[in-house]
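Undergrad:
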């Protein structure tokens, strides 16, 4: 530690004077053309300094703000003590994927929002610290595996290897159950590998977190589409699974229904990001899967969420001349994390807010050439509490754009529901599950994550996975299935 | 890992593979497809399942070498493995007792049409098969199709075998002869399917085609395979691959299939100049199967 760094023990007065540490970032001019991670992680000094800001409240509020209940105060204290491996093990008691959540959780609306320091100062950088210890642990090669309970002889099938499935698998294998995770794609991780870009969530980190789970005894089977390759009934009746947890996510892309949407060069965010993140089209021709050559092109992403930010920043890295973000409300209403908006702006993304496409126009060969847009203005608040946008009459204009990526959210993929007749669904096609027990209408079948709630965040899906795991464990022990969702 | 049990050429650049995939073999129905990825740097491509043997746990694929991945696949043989194979995907064909069914296969489309023709025959239909190829050498599965057809007509573009001309010529002749036709199933290049659709449209003969659009995941997640029908935009992977031919916008399908034309031809040329690189990647994945400590995913880019 340098001479300027305060040494413990400190008074609270001294602690609050320490400024919040900044996350070291790759320089914007350099990173906008590469896929390396933007955030570089705190140093030991930075992490220790940040940890010293924690007031170690008697009744910490931060833990309540965490969807999986990470014992924030305890792990931060372990950082102050220099016990980084123990800090990582402490997080793993509640969160099996700390290197992932430390990167993609919206801490500013969860643990950090609840941090008491935030009332007068900036909250403790809990996400930075979580990432620090997870990275430290991984780089040390000494990952502290939790000890599994003795085998119960019960078999659990988990459908989908995204955040909900992985977190449930981690908890259930520790309870001594035999856990198999089925994944439709060829790689484990769900949205972590096909959706979130390398520059925000390096795939090697996902792979190594999955390796940890393998070492804990979780069995992973890729290339199995539940509902097609095998049904839930077959898993339970023929393959001997006592429980199935459905965590398939919200997989179907939404399109806009405006003219020209099927032109070449118009993508769903799912397709564009899958081609780059899962299939590594950015490394074409070293990798076989192509993506539309964005070099020197004008690219527009439609939407204002995190996926839209991921897509537009990916387009920029693929060499786009101009990268637009087109959003129908104003920047204030954007659902994306503030950090993603900030990063996108630093990287030179052009924001066209209060703008909406009305038509995609192409050439004779059906390749997109331009987008006709209309200006919007905000009216009265709608059901979501946000002011609803209305088109401004006569404000149409045309922009030359050769690639469009539509990032307007997703809806329920019906593959599992349509092949499991006694599984009740909601009006919108999501699986109906009790919000506390995650039980569905079918005995032995639980569901959680985006396939129940609609598209949300990694950590909320992980929270659902943990809840489901607790409820599944209880059912496997008691054998009682008393409640059914309405 | 999906081991190739048997492989043989049926015609130049057309190869039949028997692949171990027990779960797929058990569930597969006529009309469905799989998505394969050959090695750790590979693309995902859809291939229709030509046949399956649930007891032996195998599926049969018949592959025409056109692009890089299919050309590479056709260089593999028994003892090689395919890294990823997933399915059965898509909706099965609607197999019913229609009466007289005309099954038309253009080129390798004959292989894709064969399982549905077989199922139609087993359902009690009178099956008339029309198989077309550019020349005699490219006529495939004649014996197999003959065995499940009540009538078989073979056409070649150059007249070196069977009747000279296109499959649509024979279909027109059948219609003009006044034969009752209850259903036409046409599988082949998009232009051939489009021509069949236009032949049957004025006669209001129900016509089904199997569409080969560009896909990535094959489960409805990406929307890349979208096709425009009179019902609106649909996804070939989950709403198809079979569609009512009279509802399909073939021009859009053909143009969408040209999205990656340049990348595809560059990749093919690069591969043909140096096929060893990709063959090594296939072998590396097989090595991983025997020695798990070797990770083909970890191969540096």
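Protein chains in written order, with my numbering: chain A, 280 to 765; chain B, 164 to 464.
Beta carbons: idealized from backbone N, C-alpha and C, even for Gly.
Would you check if the stretch 462 to 482 of chain A and the stretch 166 to 176 of chain B touch, i.e. whether three or more CB-CB distances between them fall below 8 Å?
TA: In short, these stretches do not touch, since the Cβ pair count stays below three.
Undergrad: Among the residues of its own chain, which have a CB less than 6 Å from the CB of residue 625/A, if the five just before and after it don't count?
TA: Locating residue 625/A in the first chain gives position 346, counting from the first residue. Correct list, in chain order: 307.
Undergrad: Sort out for me which residues DSSP pairs residue 327/B with in a bridge.
TA: By one-based count along the second chain, residue 327/B stands at place 164. In DSSP, residue 327/B forms a bridge with 319/B.
Undergrad: Which residue comes first and which comes last in the alpha helix (DSSP H) that contains residue 622/A?
TA: Along the first chain, read from residue 1 onward, the residue named residue 622/A stands at position 343. Where residue 622/A is concerned, the enclosing alpha helix (DSSP H) stretches over 617 to 625.
Undergrad: Would the stretch 370 to 379 of chain B count as touching the stretch 536 to 545 of chain A if we require 3 or more Cβ pairs under 8 Å?
TA: The stretch 370 to 379 of chain B is not in contact with the stretch 536 to 545 of chain A.
Undergrad: Could you work out which residue in 362/A, 407/A, 647/A, 400/A is closest to residue 380/A when comparing CA atoms only?
TA: Numbered from 1 along the first chain, position 101 holds the residue referred to as residue 380/A. Answer by Cα proximity: 407/A.
Undergrad: Residue 374/B by DSSP, collapsed to three states: which one?
TA: Translated into positions along the second chain, residue 374/B becomes position 211. Coil.
Undergrad: Please list, in chain order, all residues of the same chain as residue 684/A whose beta carbon is under 6 Å from its beta carbon, the five residues on each side excluded.
TA: For the purposes of this step, residue 684/A is taken as residue 405 along the first chain, with counting starting at 1. Correct list, in chain order: 546, 548, 551, 580, 590.
Undergrad: Using only the alpha-carbon positions, how far apart do residue 179/B and residue 278/B sit?
TA: As a first step, residue 179/B must be located in the second chain, where it is residue number 16. As a first step, residue 278/B must be located in the second chain, where it is residue number 115. Residue 179/B and residue 278/B: Cα-Cα distance of roughly 14 Å.
Undergrad: Pull out every residue of the stretch 568 to 584 of chain A whose Cβ sits closer than 8 Å to any Cβ of chain B, in chain order.
TA: Listed in sequence order: 568, 569, 571, 572.
Undergrad: So which residues on chain A does residue 372/B lean against when the C-beta distance must stay under 9 Å?
TA: Here residue 372/B refers to the residue found at position 209 of the second chain. Chain A residues near residue 372/B: none, gap ~18 Å exceeds 9 Å.
Undergrad: With DSSP collapsed to three states, give me the class of residue 317/A.
TA: Here residue 317/A refers to the residue found at position 38 of the first chain. In this structure, residue 317/A counts as coil in the three-state DSSP scheme.
Undergrad: Which residues of the stretch 189 to 217 of chain B have a Cβ closer than 8 Å to any Cβ of chain A? Give them in chain order.
TA: Under the 8 Å Cβ criterion, the stretch 189 to 217 of chain B contributes 190, 200, 204, 205, 206, 207.
Undergrad: Let me confirm a value: residue 314/A is counted as buried when at least 16 other C-beta atoms fall within 10 Å, else exposed. Which label applies?
TA: Here residue 314/A corresponds to residue number 35 of the first chain, with the count starting at 1. Buried: at least 16 other Cβ atoms inside 10 Å.
Undergrad: Going along chain A, which residues have a C-beta under 8 Å from residue 243/B?
TA: Mapped onto the second chain, residue 243/B falls at position 80. Under the 8 Å cutoff, chain A gives no residues; its nearest Cβ is about 17 Å from residue 243/B.
Undergrad: Output needed in chain order: residues of the stretch 226 to 237 of chain B with a Cβ under 7 Å from some Cβ in chain A.
TA: Taking 7 Å as the Cβ-Cβ cut-off against chain A, the residues of the stretch 226 to 237 of chain B that qualify are 231, 232.
Undergrad: Residues in the stretch 498 to 514 of chain A with C-beta within 8 Å of chain B's C-beta atoms, listed in sequence order?
TA: Within the stretch 498 to 514 of chain A, the qualifying residues are 501, 502, 503, 504, 507, 508, 509.
Undergrad: Tell me which residues share the same chain as residue 779/A and place their Cβ nearer than 7 Å to its Cβ, disregarding the 5 neighbours each side in the sequence.
TA: Absent from the model: residue 779/A. The displayed extent of chain A is 280 to 765, so no value can be given.
Undergrad: Are the C-beta of residue 602/A and some C-beta of chain B separated by less than 8 Å?
TA: The count along the first chain starts at 1 and reaches residue 602/A at position 323. False, the Cβ-Cβ gap to chain B never drops below 8 Å.
Undergrad: Give the DSSP-derived three-state secondary structure of residue 537/A in the structure shown.
TA: Residue mapping note: residue 537/A aligns to position 258 of the first chain, counting from 1. Three-state DSSP puts residue 537/A in coil, outside helix and strand.
Undergrad: Any beta carbon of chain A sitting closer than 8 Å to that of residue 387/B?
TA: Looking up residue 387/B in the second chain gives position 224. Judged by the 8 Å Cβ criterion, residue 387/B is in contact with chain A.
Undergrad: Of the residues that make up the stretch 639 to 651 of chain A, which ones have a beta carbon closer than 7 Å to any beta carbon in chain B?
TA: Cβ contacts with chain B come from 644, 645.
Undergrad: Distance, Cα to Cα, residue 468/B vs residue 211/B?
TA: The structure shown does not extend to residue 468/B, since chain B is modelled only from 164 through 464, so no value can be given for it.
Undergrad: Which whole-angstrom value describes the C-beta separation of residue 680/A and residue 650/A, a residue pair presumed to lie in contact below a C-beta threshold of 8 Å?
TA: Counting from one through the first chain, the residue named residue 680/A turns up at place 401. Counting from one through the first chain, the residue named residue 650/A turns up at place 371. Indeed, because the Cβ distance is near 5 Å, the residues count as touching under 8 Å.
Undergrad: How long is the line joining the alpha carbons of residue 533/A and residue 412/B, rounded to whole angstroms?
TA: Mapped onto the first chain, residue 533/A falls at position 254. Mapped onto the second chain, residue 412/B falls at position 249. The straight-line gap from Cα to Cα measures roughly 21 Å.
Undergrad: What residues of chain A sit near residue 446/B, judged by a beta carbon separation below 8 Å?
TA: Residue mapping note: residue 446/B aligns to position 283 of the second chain, counting from 1. The contacting residues do not exist; residue 446/B stays about 17 Å from chain A at best.
Undergrad: Compile a chain-ordered list of the residues in the stretch 313 to 327 of chain A whose CB is closer than 9 Å to at least one CB of chain B.
TA: Residues passing the 9 Å Cβ filter: none.
Undergrad: Would a check of beta-carbon distances place residue 547/A closer than 8 Å to chain B?
TA: Taking the first residue of the first chain as position 1, residue 547/A is located at position 268. For residue 547/A, the answer is yes, since a Cβ of chain B falls inside 8 Å of its Cβ.
Undergrad: Is it buried or exposed, residue 461/B, if we count other Cβ atoms within 10 angstroms and call 16 or more buried?
TA: Within the second chain, residue 461/B is the residue found at index 298, counting from 1. Model confidence at residue 461/B stands at a pLDDT of 38, short of 50, so the residue's coordinates are unreliable; what they give is reported in the following sentence. Exposed: under 16 other Cβ atoms inside 10 Å.
Undergrad: Starting from residue 252/B, trace the beta strand (DSSP E) in both directions and tell me its first and last residue.
TA: To locate residue 252/B, count along the second chain from 1; it is residue 89. Per DSSP, residue 252/B belongs to the beta strand (DSSP E) from 247 to 252.
Undergrad: Answer with buried or exposed for residue 301/A, where buried requires no fewer than 16 other C-beta atoms within 10 angstroms of its C-beta.
TA: Here residue 301/A refers to the residue found at position 22 of the first chain. Exposed.
Undergrad: Throw me the rounded Cβ distance for the residue 471/A and residue 689/A pair, which I believe falls under 8 Å.
TA: Taking the first chain and counting its residues from 1, the one referred to as residue 471/A is at position 192. Taking the first chain and counting its residues from 1, the one referred to as residue 689/A is at position 410. That belief does not hold up - the Cβ atoms of residue 471/A and residue 689/A are roughly 15 Å apart, past 8 Å.
Undergrad: Are any of the Cβ atoms in chain A nearer than 8 Å to that of residue 297/B?
TA: Within the second chain, numbered from 1, the residue matching residue 297/B stands at position 134. Chain A contact via Cβ: absent.
Undergrad: Measure the beta-carbon distance from residue 727/A to residue 526/A and round it to whole angstroms, keeping in mind my assumption that it falls under 8 Å.
TA: For this step, residue 727/A is matched to residue 448 along the first chain. For this step, residue 526/A is matched to residue 247 along the first chain. Right, the Cβ-Cβ distance comes to about 6 Å (below 8 Å), so this counts as a contact.
Undergrad: Within 8 Å (strictly less), CB to CB, does residue 472/A reach chain B?
TA: What you label residue 472/A is simply residue 193 of the first chain in a count that begins at 1. Not closer than 8 Å to any Cβ of chain B, the Cβ of residue 472/A fails to qualify, so no.
Undergrad: Measure the alpha-carbon distance for residue 402/A versus residue 295/A and round it to whole angstroms.
TA: Stepping through the first chain from its first residue, residue 402/A is reached at position 123. Stepping through the first chain from its first residue, residue 295/A is reached at position 16. For residue 402/A and residue 295/A, the distance between alpha carbons rounds to 10 Å.
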